[in-house]
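Each residue of the sequence shown is one higher than the one before, starting from 11 at the first, in our numbering.
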Amino acid sequence: MLDMKRLILSLITVVAIISLANAQQKGAYISFEKEVHDFGKIKEDDGKVEYKFIFTNTGNAPLILNKVKASCGCTSPTWTEKPIMPGEKGFVSAVFDPRNRPGNFNKSIFVETNTDKGRNILRITGDVIAREKTVEDYYPKALGELRLETNHFAFVRVYNDQVKKDTLKIYNSSDSNMEVSFNNVPKYVDLKVVPSVLKPGAKGYVLGTYDGEIVNDWGFVSDRVQVLINGESGNRQYLTISAKIEEDFSRLTEKELENAPKISFEDESFNFGKTASSDKIEHDFKFTNTGKSDLIIRKIRSTCGCTTVAPEKTTIKPGESSSFKAIFNPGSRKGTQTKSIYVISNDPKNSSVRLSIRGEILKE
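Spelled out as structure tokens, the structure:
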């Protein structure tokens, strides 16, 4: 009798488990054959690789893939877009482009469905064997038959009392000797080509020197110099030279920092709202020297479409206030507009302040 009761209890338990499982399978249910695929080692030169993740709708209602998204632009997923009936199969295809992506990769594909779970995550992995780099890879910019690693010689930060040097790699892709020289070089920049004569297929470099003491400017400074090859220059044979000129406050003592000037603006952003007018928009940016020594306004620079009127005084005593006018001319511009103004001063803790004028120009 006891054995019979145990048997009945076991049958009831099994039926309950089966009922629960069936209840859980109600609606659509996606079952992948595998959720991770390893491509192993693949060559960068061989191009894109693809793998199809196969799945079955093991539920009892149509399965819909609402959205499939990769973790980054490296994969381009496609998938079964029509509803998948119970018992039918579908796929999610992941494509990986190894170009310019040497080394190991591990990418995720997010599959959003109409199931109770809502989302499944698939992964593709592998190791890209890098291709041999060409001259064009090392020197992607071409000025005639002179190739350069870049046509922008960026010195980045240069202090106003600093002379900074840097190099730019070049290559002669022609079958004859090449002499490289420059025109319209500003006085605070020196450019020297090493070696002075580049033989066919030879590598060299431009040694650049930027003198922060001579430039007599502040903030971002950009110049364009003409590149001559064997004394001649073709169209668009230019080299851009840039630097951000800053004051070096690193040598100030604690006491000097305590007694330093401090620039404080009443507002750092002006919103003119919505307007259909093409009339000029003006705003006065007011500021005060809340520090303990003279505040010097080094420079005020604005972006395209915005001009500024310099303050009456560029040296402001402690406790004194001043202002400058910013003028935005909408012209033919429409839609949301944001214009920036940069104020450079001798405040060691806030030497460059970004102000903005923003709003919306409506169509008339």
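All residues carry an ideal CB built from backbone N, CA and C; glycine is no exception.
Cβ pair residue i, residue j closer than 9 Å
i	j	result
F338	F259	no
L217	V190	no
E159	K179	yes
R343	I367	no
P321	P271	no
I273	V363	yes
F334	D289	no
S279	L365	yes
A38	T123	yes
T285	G345	no
Span of the alpha helix (DSSP H), counted from its first residue to its last, around residue i
i	result
Y39	Per DSSP, Y39 belongs to no alpha helix (DSSP H) and is neither H nor E.
L372	No alpha helix (DSSP H) contains L372, which DSSP labels as neither H nor E.
K265	264 to 268
Residue i versus residue j: straight-line alpha-carbon distance, rounded
i	j	result
L73	K62	18 Å
G69	P96	6 Å
Q390	D200	Examination of residue 390 is not possible in this model, given that the chain is present from 11 through 374 alone.
A31	N116	Any reading at A31 is ruled out, since the residue's pLDDT is 48, under 50, leaving its predicted position unreliable.
D55	R109	7 Å
A164	D137	34 Å
Q375	L305	As displayed, the chain neither begins before 11 nor continues past 374, which places residue 375 out of reach and without an answer.
L132	R234	49 Å
T250	H162	5 Å
T219	E45	56 Å
Y148	I291	48 Å
F65	K51	25 Å
N194	T177	19 Å
L238	K197	18 Å
Y215	E330	51 Å
K143	F106	20 Å
E98	V78	19 Å
I351	R311	6 Å
N240	K373	53 Å
V353	E91	54 Å
A104	V145	32 Å
S206	M188	9 Å
N245	N130	54 Å
Own chain partners of residue i with C-beta closer than 6 Å, once the 5 adjacent residues on each side are dropped
i	result
A80	P87, I119
I326	N299, L305, S332
H47	Y61, I134
A212	N182
K323	S332
R157	Y149, Y181, S183
T313	K349, S350
P340	S288, I371
N-terminal and C-terminal residue of the beta strand (DSSP E) that residue i is part of
i	result
E60	59 to 67
Y169	162 to 169
Y248	248 to 256
Y148	Note, Y148: premise wrong, no beta strand (DSSP E); alpha helix (DSSP H) at 145 to 148.
S378	Residue 378 lies beyond the range of the chain shown here (11 to 374); nothing can be said about it.
A152	151 to 153
I307	305 to 312
M95	Here M95 belongs to no beta strand (DSSP E), and DSSP marks it neither H nor E.
S279	279 to 285
Q236	229 to 239
I119	113 to 123
E292	291 to 299
F192	188 to 193
A80	75 to 80
Status (buried if at least 16 other CB within 10 Å, exposed otherwise) for residue i
i	result
I85	In the sequence under discussion, the amino acid at residue 85 is Thr, which differs from the Ile named in the question. T85 should be labelled buried.
K7	For residue 7 there is no data in the structure shown, the boundaries of the chain being 11 and 374.
S287	exposed
S332	buried
S186	exposed
N67	buried
D357	buried
G128	exposed
A140	exposed
Q34	Low local confidence applies: a pLDDT of 48 at Q34 is under 50, so the model's placement there is unreliable, with the coordinate-based value given in what follows. Its Cβ having fewer than 16 others within 10 Å, Q34 is exposed.
L262	exposed
S355	buried
E264	exposed
V102	buried
L153	buried
E43	exposed
R308	buried
Own chain partners of residue i with C-beta closer than 7 Å, once the 5 adjacent residues on each side are dropped
i	result
T317	I337
I255	V168, N170, G222, V225, D227, W228, G229, V231
N269	K302, S303
P93	P72, L73, I74
Beta-carbon contacts of residue i that lie in its chain and below 8 Å, excluding the five residues immediately before and after
i	result
G113	D137, V138, A140
N360	K272, I273
K151	R157, L158, E159, T160, N161
W89	L75, V78, G100, F101, V102, S103, V121
Beta carbon proximity, residue i to chain B, threshold 9 Å
i	result
A253	Of the chains in the structure shown, none is chain B; there is only one protein chain.
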